[in-house]
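Following our numbering, the numbering of the sequence shown begins with -5 at its first residue and continues without gaps. Beta carbons: idealized from backbone N, C-alpha and C, even for Gly. A short write-up of the structure that comes next.
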Amino acid sequence: MRILIVNVNTTESMTEAIGAQARRAASPGTEIVALTPRFGAESVEGNFESYLCAVGVMDAVMRYDQPFDAVIQAGYGEHGREGLQELLEVPVVDITEAAASTAMFLGHKYAVITTLDRAVPLIEDRLKLAGLDARCASVRASGMAVLELESQPERAVDAIVQQAAKAVEEDHAEVICLGCGGMAELEDKVRSRTGVPVVDGVAAAVTIAESLVRLGLKTSKVRTYAPPRAKRITGFPLPDSLGR
-5 MRILIVNVNT TESMTEAIGA QARRAASPGT EIVALTPRFG AESVEGNFES YLCAVGVMDA
55 VMRYDQPFDA VIQAGYGEHG REGLQELLEV PVVDITEAAA STAMFLGHKY AVITTLDRAV
115 PLIEDRLKLA GLDARCASVR ASGMAVLELE SQPERAVDAI VQQAAKAVEE DHAEVICLGC
175 GGMAELEDKV RSRTGVPVVD GVAAAVTIAE SLVRLGLKTS KVRTYAPPRA KRITGFPLPD
235 SLGR
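The structure is reproduced here in structure tokens:
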């Protein structure tokens, strides 16, 4: 089984970290291929960058020329998953939805700890669109920018752990979701401080993608995610052939 996991930003070191986290979660025999978009922002922290990354992610997937069994979009609260589902028959899993759906098996309410406050509405909207918002206790911002997760790791960990503790104590969350692909490997630190289960979206997405492939399930093409209609597309960076 081969799963593509696509970073939504163009920072290669973050792609490497996401790929490493995905490989730790993968079962024996599952190959993880981590992709970085050819174009886009170095970090995604707003609507403009999110819409841009959606095109970059589709471009990266459609330019990959080897067979694959599933795709994971490794961006928290970002746009684009629906576009990939139109282009592909294989399962497409978004880490935001993977983390939230997994968390609901573990407790009554979950909270998401993300980066900057401006990312909170994007995550709230993605959860609402996916029908996962009813059991979300809160979405809290750590105040750390995405790139600061790498440049100031100790400060980032402290800020994330602090907000996670507040989510449990003040918002009555029973599970914490790490709201950024760059937060991989923080589960133990947050768990030890809060005493609740902690879900990393990358790891959750890998296990869900593997399960869908093993069940032989594919994206429905009856209506919502039917392939794009054949028409002339001017100046769009995707390859000429949009279907698989």
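query: Measure the C-alpha to C-alpha separation of residue 11 and residue 199 and round it to an integer number of angstroms.; result: 15 Å
query: For the alpha helix (DSSP H) holding residue 1, just list the boundary residues, first then last.; result: Residue 1 -> not in any alpha helix (DSSP H); beta strand (DSSP E) instead, spanning -4 to 1.
query: Excluding sequence positions up to five away, which residues of its chain have a Cβ less than 6 Å from the Cβ of residue 6?; result: 30
query: May I ask you to report which of helix, strand or coil DSSP gives residue 60?; result: coil
query: Taking the alpha carbon of residue 2 as the reference point, which residue from 89, 124, 215, 61 has its own alpha carbon closest?; result: 89
query: In terms of residues, what are the limits of the alpha helix (DSSP H) holding residue 12?; result: 6 to 19
query: Express the C-alpha separation of residue 226 and residue 123 in angstroms, rounding to a whole number.; result: 30 Å
query: Identify, in the order they occur along the chain, each residue of the same chain with its Cβ nearer than 8 Å to the Cβ of residue 78, setting aside the five sequence neighbours on each side.; result: 51, 52, 55, 65, 67, 86
query: Decide yes or no for the touch test of the stretch 11 to 21 against the stretch 41 to 51: beta carbon pairs closer than 8 Å, at least 3 of them.; result: no
query: By a C-beta neighbour count over all protein chains shown, 10 Å radius and 16 as the cutoff for buried, is residue 34 buried or exposed?; result: buried
query: Using C-beta distances below 6 Å, list every residue in its chain close to residue 93, excluding the 5 sequence neighbours before and after it, in chain order.; result: 171, 193, 195, 198
query: Rounding to the nearest angstrom, what Cα-Cα distance links residue 24 and residue -2 in this structure?; result: 11 Å
query: Could you check how far apart the C-beta atoms of residue 188 and residue 162 are, in whole angstroms? I think they sit under 8 Å.; result: 5 Å
query: Since I believe residue 107 is in contact with residue 154 (beta carbons under 8 Å), could you give me their beta-carbon distance rounded to a whole number of angstroms?; result: 5 Å
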